[in-house]
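Heads up: the sequence shown begins at 1 in full-length UniProt numbering, then just goes up one per residue. All residues carry an ideal CB built from backbone N, CA and C; glycine is no exception. No experiment lies behind these values; they were computed from the predicted model shown.
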Amino acid sequence: ATGANISTIRHYERVGLLSPPQRTDGNQRRYRQEDRARLSFITRSRDLGLSIDAIRDILLLTAPGAMSTTEADRIIEEQLSVIRTKITQLQTLEGELRRLSARDGNNRDGYDALVRRLASDEVTT
């Protein structure tokens, strides 16, 4: 089980991340092990915050002859940059939450300030 619901799986089929599955005589979808592995990769990647386009690019890396080495290197560097930015944003947020955790629980000012910074994108830049 991948944890993906049916509508999500259909969406991934529509946007080209998953191939349409084989059908049984009763018209039920039959997914191969490779399809389930690919869906698990997609689900995990989405859980980690990767965009559909980023996942599509990464999956293209696995298709023989789909792109040049130069293009593959560009995609890899682009994804590394996105991941580094997300790591920095999460580390900043972690620091903010740690500071709040160390405060007096009755002081709500820190919580309000954090919410305002998140809303204005100050924590994520």
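Boundaries for TYR31: no alpha helix (DSSP H) harbours it, and the DSSP string shows neither H nor E there. When only Cα atoms are considered, ALA102 and ARG46 end up about 32 Å apart. The residue among SER51, LEU90, GLN89 with its C-alpha nearest the C-alpha of GLN79 is SER51. With contacts defined by Cβ atoms closer than 9 Å, GLN22 and ARG14 do not form a contacting pair. Under the Cβ criterion (8 Å, minimum of three pairs), the region 72-89 counts as touching the region 50-64.
Taking each of ARG99, GLN89, SER40 in turn and checking the Cα distance to THR8, the smallest one comes out for SER40. If you ignore the 5 residues before and after GLY3, its C-beta comes within less than 8 Å of the C-beta of THR43, all in its own chain and listed in chain order.
VAL82 and ALA54 do touch by the CB rule: their CB atoms are close to 7 Å apart, below 8 Å.
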